[in-house]
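Counted from 1, the sequence shown has number 297 at position 298 by numbering that gives the first Met the number 0; the numbering is strictly sequential. Ideal Cβ placement from N, Cα and C applies to all residues, glycine included. Please read these numbers as outputs of a predicted model, since none were measured by experiment. Please read the structure below before turning to the comments.
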Amino acid sequence: MIHKRQTLRHLCTFGLMLAAWPLVRAQSQMRVLVPFQPGGISSLLANTLVSELNQIKQQNWTVQHIPGYSNMSAVRSLLEAGHQGQWDLMIAGPTVLTIGDSMNPFMSVKADSALKVLLGLIQGPMVLISHRNSDLDHWQKIKRSKRRLRIGVSGLGSPAHFVAAHLDKSVFAMGDAYNTDGDLPSMESLAKGELDLAVISIGSLLPPLDQHYRVLLTSGAEPIEWGKHNTVPTMASVADTPEAQAFQFYNWLSVCASAQMPLHMQQSIIEAIRGIKAAGAFAAVAGATHHQVMLASPSDLQQQIQQSRVLLEQYILRADLSNTLGMALKH
0 MIHKRQTLRH LCTFGLMLAA WPLVRAQSQM RVLVPFQPGG ISSLLANTLV SELNQIKQQN
60 WTVQHIPGYS NMSAVRSLLE AGHQGQWDLM IAGPTVLTIG DSMNPFMSVK ADSALKVLLG
120 LIQGPMVLIS HRNSDLDHWQ KIKRSKRRLR IGVSGLGSPA HFVAAHLDKS VFAMGDAYNT
180 DGDLPSMESL AKGELDLAVI SIGSLLPPLD QHYRVLLTSG AEPIEWGKHN TVPTMASVAD
240 TPEAQAFQFY NWLSVCASAQ MPLHMQQSII EAIRGIKAAG AFAAVAGATH HQVMLASPSD
300 LQQQIQQSRV LLEQYILRAD LSNTLGMALK H
(Lines of atoms letter the chains of each structure in order from A; the text may use other names.)
(Lines give C-alpha, C1' and ligand atoms only; values in the text may rest on other atoms or scores of the structure.)
Protein backbone atom coordinates (compact mmCIF):
# COMPACT_ATOMS: atom_id res chain seq x y z
CA MET A 0 0.00 0.00 0.00
CA ILE A 1 2.85 2.34 0.92
CA HIS A 2 4.53 1.54 -2.40
CA LYS A 3 1.32 2.35 -4.28
CA ARG A 4 0.95 5.68 -2.46
CA GLN A 5 4.57 6.58 -3.26
CA THR A 6 4.05 5.67 -6.90
CA LEU A 7 0.88 7.76 -7.03
CA ARG A 8 2.68 10.69 -5.39
CA HIS A 9 5.52 10.44 -7.89
CA LEU A 10 3.06 10.37 -10.77
CA CYS A 11 1.26 13.43 -9.41
CA THR A 12 4.57 15.25 -8.99
CA PHE A 13 5.58 14.35 -12.55
CA GLY A 14 2.21 15.53 -13.81
CA LEU A 15 2.62 18.87 -12.07
CA MET A 16 6.10 19.23 -13.58
CA LEU A 17 4.70 18.62 -17.05
CA ALA A 18 1.92 21.12 -16.45
CA ALA A 19 4.41 23.73 -15.29
CA TRP A 20 6.89 23.12 -18.11
CA PRO A 21 5.46 25.68 -20.56
CA LEU A 22 5.75 28.37 -17.85
CA VAL A 23 9.30 27.34 -17.00
CA ARG A 24 10.24 27.37 -20.69
CA ALA A 25 8.69 30.78 -21.17
CA GLN A 26 10.72 32.18 -18.28
CA SER A 27 14.03 30.63 -19.27
CA GLN A 28 13.92 30.71 -23.06
CA MET A 29 12.01 32.69 -25.64
CA ARG A 30 11.74 30.91 -28.95
CA VAL A 31 11.76 32.53 -32.38
CA LEU A 32 10.51 30.11 -34.99
CA VAL A 33 11.72 30.28 -38.59
CA PRO A 34 9.62 27.93 -40.76
CA PHE A 35 12.32 27.77 -43.45
CA GLN A 36 15.79 26.32 -43.81
CA PRO A 37 18.71 28.18 -42.19
CA GLY A 38 20.70 30.63 -44.26
CA GLY A 39 17.96 32.64 -45.94
CA ILE A 40 16.66 36.13 -45.34
CA SER A 41 14.34 34.78 -42.63
CA SER A 42 17.35 33.55 -40.66
CA LEU A 43 19.11 36.88 -41.03
CA LEU A 44 16.11 38.74 -39.69
CA ALA A 45 15.60 36.28 -36.83
CA ASN A 46 19.24 36.34 -35.73
CA THR A 47 19.45 40.12 -35.97
CA LEU A 48 16.24 40.56 -34.01
CA VAL A 49 17.29 38.05 -31.35
CA SER A 50 20.63 39.79 -30.91
CA GLU A 51 18.85 43.11 -30.44
CA LEU A 52 16.32 41.66 -27.98
CA ASN A 53 18.98 39.93 -25.90
CA GLN A 54 20.89 43.20 -25.57
CA ILE A 55 17.83 45.23 -24.62
CA LYS A 56 16.11 42.86 -22.20
CA GLN A 57 18.91 40.41 -21.44
CA GLN A 58 16.57 37.51 -22.05
CA ASN A 59 17.42 34.13 -23.47
CA TRP A 60 16.00 34.43 -26.97
CA THR A 61 16.86 31.60 -29.35
CA VAL A 62 16.19 30.86 -33.01
CA GLN A 63 14.77 27.53 -34.11
CA HIS A 64 14.46 26.50 -37.75
CA ILE A 65 11.73 24.06 -38.75
CA PRO A 66 11.74 23.74 -42.56
CA GLY A 67 8.69 22.74 -44.53
CA TYR A 68 5.93 24.88 -43.04
CA SER A 69 4.80 26.66 -46.20
CA ASN A 70 1.97 24.42 -47.35
CA MET A 71 -1.57 24.67 -46.08
CA SER A 72 -1.75 21.57 -43.88
CA ALA A 73 1.55 22.39 -42.19
CA VAL A 74 0.53 25.99 -41.54
CA ARG A 75 -2.50 24.78 -39.60
CA SER A 76 -0.18 22.86 -37.28
CA LEU A 77 2.07 25.89 -37.03
CA LEU A 78 -0.77 28.16 -35.95
CA GLU A 79 -1.98 25.63 -33.41
CA ALA A 80 1.53 25.41 -31.97
CA GLY A 81 1.55 29.18 -31.56
CA HIS A 82 -1.83 29.12 -29.90
CA GLN A 83 -0.48 26.59 -27.39
CA GLY A 84 2.50 28.77 -26.64
CA GLN A 85 5.10 26.49 -28.23
CA TRP A 86 6.73 29.50 -29.88
CA ASP A 87 6.83 33.17 -28.94
CA LEU A 88 7.76 34.86 -32.20
CA MET A 89 7.69 33.65 -35.77
CA ILE A 90 9.33 35.07 -38.88
CA ALA A 91 6.57 34.39 -41.37
CA GLY A 92 6.39 34.61 -45.12
CA PRO A 93 3.47 35.79 -47.24
CA THR A 94 1.68 32.45 -46.93
CA VAL A 95 1.20 32.97 -43.20
CA LEU A 96 0.90 36.74 -43.31
CA THR A 97 -2.15 36.69 -45.56
CA ILE A 98 -4.11 33.93 -43.88
CA GLY A 99 -7.70 35.03 -43.53
CA ASP A 100 -7.38 37.42 -46.46
CA SER A 101 -7.72 36.70 -50.15
CA MET A 102 -4.22 37.46 -51.37
CA ASN A 103 -3.27 33.81 -51.22
CA PRO A 104 -6.13 31.80 -52.73
CA PHE A 105 -4.78 28.50 -51.42
CA MET A 106 -5.14 29.46 -47.78
CA SER A 107 -8.36 29.21 -45.80
CA VAL A 108 -7.00 29.20 -42.24
CA LYS A 109 -8.01 31.96 -39.86
CA ALA A 110 -5.03 33.20 -37.88
CA ASP A 111 -6.69 35.85 -35.74
CA SER A 112 -6.82 33.72 -32.60
CA ALA A 113 -3.40 32.12 -33.03
CA LEU A 114 -0.99 34.95 -33.79
CA LYS A 115 -0.67 38.69 -34.08
CA VAL A 116 1.31 40.38 -36.81
CA LEU A 117 3.45 43.00 -35.09
CA LEU A 118 4.20 46.33 -36.69
CA GLY A 119 7.36 45.15 -38.40
CA LEU A 120 7.24 44.22 -42.07
CA ILE A 121 10.09 43.56 -44.45
CA GLN A 122 9.51 44.25 -48.09
CA GLY A 123 11.96 43.45 -50.85
CA PRO A 124 11.86 42.63 -54.56
CA MET A 125 11.79 39.14 -55.99
CA VAL A 126 14.15 38.12 -58.77
CA LEU A 127 14.23 35.64 -61.60
CA ILE A 128 17.63 33.94 -61.64
CA SER A 129 19.49 31.48 -63.85
CA HIS A 130 22.90 29.81 -63.91
CA ARG A 131 25.82 32.24 -64.07
CA ASN A 132 26.82 31.00 -67.55
CA SER A 133 23.48 31.92 -69.11
CA ASP A 134 22.72 35.04 -71.14
CA LEU A 135 20.52 37.85 -69.89
CA ASP A 136 17.82 36.76 -72.35
CA HIS A 137 18.00 33.17 -71.11
CA TRP A 138 14.38 33.16 -69.94
CA GLN A 139 13.19 34.35 -73.35
CA LYS A 140 15.17 31.64 -75.14
CA ILE A 141 13.87 28.76 -73.06
CA LYS A 142 10.35 30.13 -73.28
CA ARG A 143 10.51 29.54 -77.03
CA SER A 144 11.77 25.98 -76.62
CA LYS A 145 8.20 24.56 -76.31
CA ARG A 146 9.18 22.21 -73.50
CA ARG A 147 8.03 22.34 -69.92
CA LEU A 148 10.26 24.67 -67.97
CA ARG A 149 11.98 23.55 -64.82
CA ILE A 150 11.36 26.47 -62.50
CA GLY A 151 12.20 26.40 -58.82
CA VAL A 152 9.81 28.19 -56.48
CA SER A 153 9.22 28.08 -52.75
CA GLY A 154 5.74 27.62 -51.37
CA LEU A 155 2.49 26.57 -52.97
CA GLY A 156 0.48 29.69 -53.73
CA SER A 157 3.36 32.02 -52.92
CA PRO A 158 4.25 35.07 -55.03
CA ALA A 159 7.11 33.06 -56.53
CA HIS A 160 4.64 30.38 -57.54
CA PHE A 161 2.48 32.91 -59.36
CA VAL A 162 5.46 34.33 -61.24
CA ALA A 163 6.54 30.84 -62.28
CA ALA A 164 3.01 29.97 -63.33
CA HIS A 165 2.94 32.97 -65.61
CA LEU A 166 6.11 31.77 -67.32
CA ASP A 167 4.77 28.23 -67.62
CA LYS A 168 1.14 27.52 -66.72
CA SER A 169 1.85 23.82 -66.24
CA VAL A 170 3.80 24.73 -63.10
CA PHE A 171 0.50 25.35 -61.36
CA ALA A 172 -0.54 21.72 -61.67
CA MET A 173 2.83 20.04 -61.11
CA GLY A 174 3.53 18.86 -57.59
CA ASP A 175 7.28 18.73 -58.13
CA ALA A 176 7.56 22.34 -59.32
CA TYR A 177 7.89 23.85 -55.86
CA ASN A 178 9.36 23.12 -52.44
CA THR A 179 8.50 24.23 -48.93
CA ASP A 180 12.02 24.62 -47.59
CA GLY A 181 12.75 28.17 -48.71
CA ASP A 182 14.84 29.55 -51.55
CA LEU A 183 18.06 27.64 -50.95
CA PRO A 184 16.97 24.24 -52.38
CA SER A 185 15.95 25.94 -55.63
CA MET A 186 19.27 27.75 -55.78
CA GLU A 187 21.21 24.56 -55.15
CA SER A 188 19.30 22.73 -57.89
CA LEU A 189 19.87 25.63 -60.27
CA ALA A 190 23.62 25.58 -59.62
CA LYS A 191 23.66 21.84 -60.40
CA GLY A 192 21.90 22.38 -63.73
CA GLU A 193 18.73 20.63 -62.58
CA LEU A 194 16.56 23.74 -63.14
CA ASP A 195 16.24 26.32 -65.89
CA LEU A 196 15.16 29.18 -63.64
CA ALA A 197 14.34 29.98 -60.04
CA VAL A 198 12.16 32.70 -58.55
CA ILE A 199 13.50 33.82 -55.18
CA SER A 200 13.59 36.73 -52.77
CA ILE A 201 16.49 39.05 -53.52
CA GLY A 202 17.57 38.73 -49.90
CA SER A 203 18.45 35.07 -50.39
CA LEU A 204 20.99 35.94 -53.07
CA LEU A 205 23.78 37.04 -50.78
CA PRO A 206 27.54 37.07 -51.35
CA PRO A 207 29.23 34.71 -52.00
CA LEU A 208 26.11 32.99 -53.35
CA ASP A 209 25.55 35.60 -56.05
CA GLN A 210 28.68 34.55 -57.94
CA HIS A 211 26.94 31.32 -58.95
CA TYR A 212 23.86 32.92 -60.49
CA ARG A 213 22.73 35.53 -62.95
CA VAL A 214 19.80 37.74 -62.08
CA LEU A 215 17.61 37.99 -65.17
CA LEU A 216 14.78 40.16 -63.93
CA THR A 217 13.85 41.94 -60.74
CA SER A 218 10.53 43.25 -59.51
CA GLY A 219 12.27 46.24 -57.95
CA ALA A 220 11.81 49.73 -59.30
CA GLU A 221 15.51 50.28 -60.01
CA PRO A 222 18.16 48.06 -61.61
CA ILE A 223 20.24 46.11 -59.12
CA GLU A 224 23.96 46.02 -59.80
CA TRP A 225 25.93 42.97 -58.73
CA GLY A 226 29.57 43.85 -59.19
CA LYS A 227 30.78 45.62 -62.32
CA HIS A 228 29.63 43.18 -64.98
CA ASN A 229 26.01 42.40 -64.28
CA THR A 230 23.35 45.08 -64.27
CA VAL A 231 19.94 43.52 -63.87
CA PRO A 232 17.03 44.72 -66.03
CA THR A 233 13.90 45.65 -64.15
CA MET A 234 10.37 44.95 -65.25
CA ALA A 235 10.12 48.62 -66.26
CA SER A 236 12.94 48.21 -68.77
CA VAL A 237 11.21 45.29 -70.49
CA ALA A 238 7.64 46.45 -69.89
CA ASP A 239 6.45 45.34 -73.31
CA THR A 240 6.84 41.66 -72.40
CA PRO A 241 3.96 39.85 -70.67
CA GLU A 242 6.40 38.22 -68.24
CA ALA A 243 7.54 41.61 -67.00
CA GLN A 244 4.00 42.94 -66.75
CA ALA A 245 3.09 40.14 -64.36
CA PHE A 246 6.32 40.28 -62.37
CA GLN A 247 5.17 42.90 -59.85
CA PHE A 248 5.53 40.93 -56.64
CA TYR A 249 7.41 41.78 -53.51
CA ASN A 250 8.37 39.09 -51.05
CA TRP A 251 7.15 39.82 -47.54
CA LEU A 252 8.42 38.66 -44.19
CA SER A 253 6.51 39.59 -41.07
CA VAL A 254 7.25 39.26 -37.38
CA CYS A 255 4.32 37.41 -35.80
CA ALA A 256 3.73 37.05 -32.08
CA SER A 257 1.90 34.27 -30.31
CA ALA A 258 -1.54 35.30 -29.10
CA GLN A 259 -0.38 34.54 -25.55
CA MET A 260 2.46 37.08 -25.62
CA PRO A 261 1.85 40.02 -23.24
CA LEU A 262 1.37 43.44 -24.81
CA HIS A 263 4.40 44.95 -23.06
CA MET A 264 6.63 42.27 -24.59
CA GLN A 265 5.15 42.89 -28.02
CA GLN A 266 6.03 46.56 -27.58
CA SER A 267 9.61 45.63 -26.67
CA ILE A 268 9.90 43.68 -29.89
CA ILE A 269 8.56 46.59 -31.91
CA GLU A 270 11.16 48.83 -30.25
CA ALA A 271 13.86 46.34 -31.19
CA ILE A 272 12.73 46.40 -34.81
CA ARG A 273 12.87 50.20 -34.72
CA GLY A 274 16.41 49.93 -33.39
CA ILE A 275 17.40 47.65 -36.24
CA LYS A 276 15.94 50.08 -38.74
CA ALA A 277 17.57 53.14 -37.17
CA ALA A 278 21.00 51.52 -37.06
CA GLY A 279 20.73 50.08 -40.55
CA ALA A 280 21.83 46.80 -38.97
CA PHE A 281 19.56 44.59 -40.98
CA ALA A 282 20.63 46.05 -44.31
CA ALA A 283 24.27 45.58 -43.28
CA VAL A 284 23.72 41.96 -42.27
CA ALA A 285 21.69 41.13 -45.36
CA GLY A 286 24.05 42.92 -47.71
CA ALA A 287 21.04 44.30 -49.56
CA THR A 288 20.43 48.00 -49.04
CA HIS A 289 17.22 47.90 -51.04
CA HIS A 290 15.61 45.86 -48.28
CA GLN A 291 13.77 47.99 -45.82
CA VAL A 292 12.22 47.34 -42.45
CA MET A 293 8.83 49.01 -42.57
CA LEU A 294 6.83 50.04 -39.53
CA ALA A 295 3.20 49.98 -40.55
CA SER A 296 0.04 50.68 -38.62
CA PRO A 297 -2.69 48.01 -38.81
CA SER A 298 -4.53 50.10 -41.41
CA ASP A 299 -1.35 50.43 -43.50
CA LEU A 300 -0.78 46.70 -43.26
CA GLN A 301 -4.32 46.00 -44.38
CA GLN A 302 -3.84 48.39 -47.29
CA GLN A 303 -0.68 46.53 -48.33
CA ILE A 304 -2.57 43.24 -48.33
CA GLN A 305 -5.46 44.76 -50.25
CA GLN A 306 -3.12 46.12 -52.92
CA SER A 307 -1.53 42.70 -53.33
CA ARG A 308 -4.95 41.10 -53.61
CA VAL A 309 -5.82 43.48 -56.46
CA LEU A 310 -2.51 42.70 -58.18
CA LEU A 311 -3.22 38.99 -57.92
CA GLU A 312 -6.69 39.40 -59.36
CA GLN A 313 -5.26 41.31 -62.31
CA TYR A 314 -2.58 38.68 -62.75
CA ILE A 315 -5.11 35.84 -62.64
CA LEU A 316 -7.07 37.45 -65.46
CA ARG A 317 -3.96 37.91 -67.60
CA ALA A 318 -2.71 34.40 -67.03
CA ASP A 319 -6.15 32.86 -67.61
CA LEU A 320 -5.92 30.86 -64.39
CA SER A 321 -9.34 31.85 -63.04
CA ASN A 322 -10.77 28.34 -63.19
CA THR A 323 -7.80 26.82 -61.36
CA LEU A 324 -7.91 29.40 -58.58
CA GLY A 325 -11.70 29.26 -58.36
CA MET A 326 -11.50 25.55 -57.61
CA ALA A 327 -8.87 26.20 -54.95
CA LEU A 328 -10.99 28.86 -53.29
CA LYS A 329 -13.90 26.45 -52.87
CA HIS A 330 -11.91 24.06 -50.69
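Are the Cβ atoms of alanine 80 and isoleucine 128 separated by less than 8 Å? Your numbering for residue 80 matches position 81 in the sequence shown. Your numbering for residue 128 matches position 129 in the sequence shown. No. Outside cutoff.
Unbroken alpha helix (DSSP H) run spanning leucine 183, endpoints: On the sequence shown, position 184 is the one that residue 183 refers to. Leucine 183 -> alpha helix (DSSP H) spans 183–190.
Going by CA-CA distance only, name the one from Ser153, Met89, His64 that's closest to proline 184. One-based indexing of the sequence shown puts residue 184 at position 185. Residue Ser153 is the option with its Cα nearest to proline 184.
Select from Leu166, Ala258, Leu262, Leu32 the residue whose C-alpha is nearest the C-alpha of arginine 146. The residue given as residue 146 occupies position 147 in the sequence shown. The residue with the shortest Cα to Cα distance from arginine 146 is Leu166.
Under 8 Å, do alanine 190 and histidine 130 count as touching if we go by C-beta distance? As a first step, residue 190 must be located in the sequence shown, where it is residue number 191. As a first step, residue 130 must be located in the sequence shown, where it is residue number 131. Cβ atoms of alanine 190 and histidine 130: closer than 8 Å.
Taking only the alpha-carbon atoms, compute the straight-line gap between glutamate 270 and cysteine 255 and give it to the nearest angstrom. The residue given as residue 270 occupies position 271 in the sequence shown. The residue given as residue 255 occupies position 256 in the sequence shown. Their backbone Cα atoms lie some 14 Å apart in a straight line.
Chain C beta carbons: is any one of them nearer than 8 Å to that of serine 203? This model lacks chain C altogether, as it is built from one protein chain only.
In three-state DSSP terms, what is leucine 88? If you number the sequence shown from 1, residue 88 lands on position 89. Residue state, collapsed to three classes: strand.
Just tell me which of Leu216, Ser76, Val33, Gln36 has its CA closest to the CA of aspartate 134. As a first step, residue 134 is located in the sequence shown; it is residue number 135 there, counting from the start. Cα-wise, what sits closest to aspartate 134 is Leu216.
For the alpha helix (DSSP H) holding histidine 137, just list the boundary residues, first then last. Taking the sequence shown and counting its residues from 1, one reaches residue 137 at position 138. First-last of the alpha helix (DSSP H) with histidine 137: 137–142.
To the nearest whole angstrom, what separates the beta carbons of alanine 91 and serine 203, a pair I think is in contact under 8 Å? Translated into positions along the sequence shown, residue 91 becomes position 92. Translated into positions along the sequence shown, residue 203 becomes position 204. Rounded, the Cβ-Cβ distance is 16 Å, inconsistent with contact.
So, is serine 76 buried or exposed, given that buried needs 16 or more other C-beta atoms within 10 angstroms? In the sequence shown, counting from the first residue as 1, residue 76 sits at position 77. Serine 76 is exposed by the Cβ-count criterion.
Provide the residue span of the beta strand (DSSP E) that contains methionine 29, from first to last. On the sequence shown, position 30 is the one that residue 29 refers to. Unbroken beta strand (DSSP E) run through methionine 29: 29–33.
Candidates Glu193, His82, Ser218: which alpha carbon is nearest alanine 258's? Within the sequence shown, the letter at position 259 stands for residue 258. Here the closest residue by C-alpha is His82.
State buried or exposed for glutamine 54, treating a residue as buried only when at least 16 other CB atoms are found within 10 Å of its CB. Along the sequence shown, read from residue 1 onward, the residue named residue 54 stands at position 55. Classification of glutamine 54: exposed, given that the 10 Å Cβ count is below 16.
Is the beta carbon of leucine 194 sitting closer than 8 Å to the one on arginine 149? Walking along the sequence shown from the start, residue 194 turns up at place 195. Walking along the sequence shown from the start, residue 149 turns up at place 150. Yes, these two residues count as a Cβ contact at 8 Å.
Since I believe alanine 164 is in contact with threonine 125 (beta carbons under 8 Å), could you give me their beta-carbon distance rounded to a whole number of angstroms? On the sequence shown, residue 125 is found 126 positions in, with the first residue counted as 1. On the sequence shown, residue 164 is found 165 positions in, with the first residue counted as 1. Going by the sequence as given, residue 125 is methionine instead of threonine. About 14 Å separates the two Cβ atoms, so there is no contact after all.
Indicate the three-state DSSP secondary structure (helix, strand or coil) for leucine 77 in the structure shown. To locate residue 77, count along the sequence shown from 1; it is residue 78. Leucine 77: helix per DSSP, three-state reduction.
Would leucine 44 and glutamine 63 qualify as a contact pair, given that the criterion is a beta-carbon distance under 8 Å? In the sequence shown, residue 44 corresponds to position 45, counting from 1. In the sequence shown, residue 63 corresponds to position 64, counting from 1. Taking 8 Å as the Cβ cut-off, leucine 44 and glutamine 63 do not qualify as a contacting pair.
Check whether the Cβ atoms of serine 188 and glycine 151 lie closer than 8 Å to each other. Here residue 188 corresponds to residue number 189 of the sequence shown, with the count starting at 1. Here residue 151 corresponds to residue number 152 of the sequence shown, with the count starting at 1. Yes, the Cβ-Cβ distance between serine 188 and glycine 151 is below 8 Å.
From the DSSP output, in three-state form, read off valine 199 for me. For the purposes of this step, residue 199 is taken as the residue at position 200 of the sequence shown. Checking the sequence, you will find isoleucine at residue 199 rather than valine. Residue state, collapsed to three classes: strand.
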